[in-house]
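Peer 1: Going left to right, the sequence shown walks through residues -10 to 187 as the numbering used here numbers them. Just so it is clear, CB atoms sit at the ideal spot from N, CA and C, and this is done for glycine as well. Source: prediction; values computed, not measured.
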Amino acid sequence: MFKKLVSGINDQHILEPLCGLDKLFGEGRSFEEEFIFLKHDDDFICQKSRVATHKLSHYWANDPRVQKVLQIRKGTMRELWVRCRRTLLNVTYILTFSNSIPYHINLSSKGYRSLIYSGDHDMVVPFQSTQAWIKYLNYSIIDDWRPWTVDGQVAGYTRSYSNYMTFATVKGGGHTAPEYKREECFHMFKRWITQQPL
-10 MFKKLVSGIN
0 DQHILEPLCG
10 LDKLFGEGRS
20 FEEEFIFLKH
30 DDDFICQKSR
40 VATHKLSHYW
50 ANDPRVQKVL
60 QIRKGTMREL
70 WVRCRRTLLN
80 VTYILTFSNS
90 IPYHINLSSK
100 GYRSLIYSGD
110 HDMVVPFQST
120 QAWIKYLNYS
130 IIDDWRPWTV
140 DGQVAGYTRS
150 YSNYMTFATV
160 KGGGHTAPEY
170 KREECFHMFK
180 RWITQQPL
């Protein structure tokens, strides 16, 4: 029932339109056909969506002129560049573990710091799910919830735990938070890496 209720929502960023690549770009279309589709399709919202720019990045990165400017040596790319190679999930990539909690416990017990962050508009891995596995670790709260800011504006909320763990939400961020909130994520990471409070 839940999946049916949310089936029309973009799970990468809940406030963006749901525009799948299959809707934007049919299978087997040539570059020219897809470009014409982009220019003449009635679905203006999806043409201007982040998904459309993802698809266009494929053509940009595979353009020989771009590769020349980027100084990519001829013959070093065995296949076309793809933004997200989904075939890795089905063919060459073998999932060897399904739970990262033991790794976090092991590394934090050795004194390694960690920054865990979630976009608060992500439905693929909602921040509530991240909070749930952090709660499972049973680390003490060192610095309870507070806003963190960039240029005087709330950029999200953060909480610090024992064992050198910091959790932060990124206000307005989607599944790949830096894609949606570049400046905020830059400041978050810069503060964390230089051991300043968020």
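What number of angstroms, rounded off, separates the C-alpha of residue 71 from the C-alpha of residue 46?
Peer 2: Straight-line Cα distance between these residues: approximately 8 Å.
Peer 1: Closer than 8 Å by C-beta to residue 21: which residues in its own chain qualify, once you throw out the five before and the five after it? Chain order, please.
Peer 2: Note that residue 21 has pLDDT 45, beneath the 50 cutoff, so the model's placement of it is unreliable and no number is given.
Peer 1: Looking at the structure shown, is residue 42 part of a helix, part of a strand, or coil, going by DSSP?
Peer 2: Residue state, collapsed to three classes: helix.
Peer 1: Can you tell which of 183, 159, 122 has its C-alpha closest to the C-alpha of residue 87?
Peer 2: Of the listed residues, the one whose Cα sits closest to residue 87 is 122.
Peer 1: Apply the 10 Å Cβ neighbour rule to residue -3 and answer buried if 16 or more other Cβ atoms are within range, or exposed otherwise.
Peer 2: Exposed is the call here.
Peer 1: Just to confirm before moving on: does the CB-CB distance between residue 106 and residue 144 stay below 8 Å?
Peer 2: In this structure, residue 144 does not lie closer than 8 Å to residue 106 by Cβ.
Peer 1: Are residue 114 and residue 43 close, meaning C-beta to C-beta below 8 Å?
Peer 2: Going by C-beta atoms, residue 114 is not nearer than 8 Å to residue 43.
Peer 1: Around the C-beta of residue 169, are 16 or more other C-beta atoms found within 10 angstroms, so that it is buried, or is it exposed?
Peer 2: With 16 or more Cβ atoms within 10 Å of its Cβ, residue 169 is classed as buried.
Peer 1: Under the assumption that residue 147 contacts residue 187 (Cβ atoms under 8 Å), give the Cβ distance between them as a whole number of angstroms.
Peer 2: So it is a contact: roughly 5 Å between Cβ atoms.
Peer 1: Do you know offhand how far residue 61's Cα is from residue 49's?
Peer 2: Taking the straight line joining both Cα atoms gives about 13 Å.
Peer 1: Going along the chain, which residues of its own chain have a beta-carbon closer than 8 Å to the beta-carbon of residue 69, five neighbours each way excluded?
Peer 2: 47, 51.
Peer 1: Tell me which residues share the same chain as residue 132 and place their Cβ nearer than 6 Å to its Cβ, disregarding the 5 neighbours each side in the sequence.
Peer 2: Contacts found: 149.
Peer 1: Just tell me which of 67, 172, 110, 167 has its CA closest to the CA of residue 140.
Peer 2: The option with the nearest alpha carbon to residue 140 is 172.
Peer 1: Once you ignore the five residues that flank residue 138 on each side, which residues in its own chain have a CB closer than 8 Å to its CB?
Peer 2: Cβ neighbours of residue 138 beyond the five flanking positions: 144.
Peer 1: Considering Cα atoms alone, identify which of 183, 4, -5 is closest to residue 108.
Peer 2: When each option's Cα is compared against that of residue 108, the closest is 4.
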